[in-house]
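Using mature numbering (1 follows the signal peptide of the UniProt record, and there is no 0), the letters of the sequence shown map in sequence onto residues -19 to -1, 1 to 90. From the three backbone atoms N, C-alpha and C, an ideal C-beta is built for every residue, glycine too. Worksheet: one structure, shown below.
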Amino acid sequence: MRKIKLGFLLLTGMIALMACSKKKPAEDTVGSVDKKASIETELSVQHMDTADVLITKHKIWKNNKLFKEIIKRDTIPSLEDTMMVVGDKDGYEHTAKVKKDYEFFITVQ
C-alpha cells in the first residue's frame, strides 16, 4: 500500500513538472495588419555600451495608405549582464556575457 502511494505521488509530481515546462502559445498573433484604419506599433530595445535605447515605431494606416509614421527613441538604463550558453557560426557552444533584455507588457484601451 505504501509503495502505491509513493508511486502515485511521484507520478503526480512528474506530470506537474511536465505541465509547467510547456511553452504557452501566443494568444493573439496577427498575420497581417488591416490597413483600412489601424495603428501598427513596433517596440524594440537597442543595446549600447552603458545604456539601452527603447525604440517605439507607430504606423498610422488610413484607407489602405500609410498616413503617418512616428518613431521615438528614449534612453533607458541597461540591465545587468547575464551568463548564457551561446553558439557561434561554426556550431560550437560556449558561455558568454550577454546583455539582459527587457520584457514588454502592453495595455491597450
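In this structure, the CA atom of GLU61 is about 7 Å from the CA atom of LYS80. Between SER19 and the set ALA32, GLY12, PHE48, LYS53, the nearest pair of CA atoms involves PHE48. Taking 7 Å as the cut-off, the Cβ atoms of VAL11 and GLU21 do not count as close. 7 Å or more divides the Cβ of ILE51 from the Cβ of ASP33. Exclusion of the five residues before and after MET29 leaves no residue of its chain whose Cβ lies closer than 6 Å to its Cβ. The beta carbon of ASN44 sits closer than 7 Å to those of LYS17, all from its chain and outside the five residues before and after it, given in chain order. The beta carbon of PHE85 is closer than 8 Å to those of LEU24 in its chain, skipping five residues each way along the sequence.
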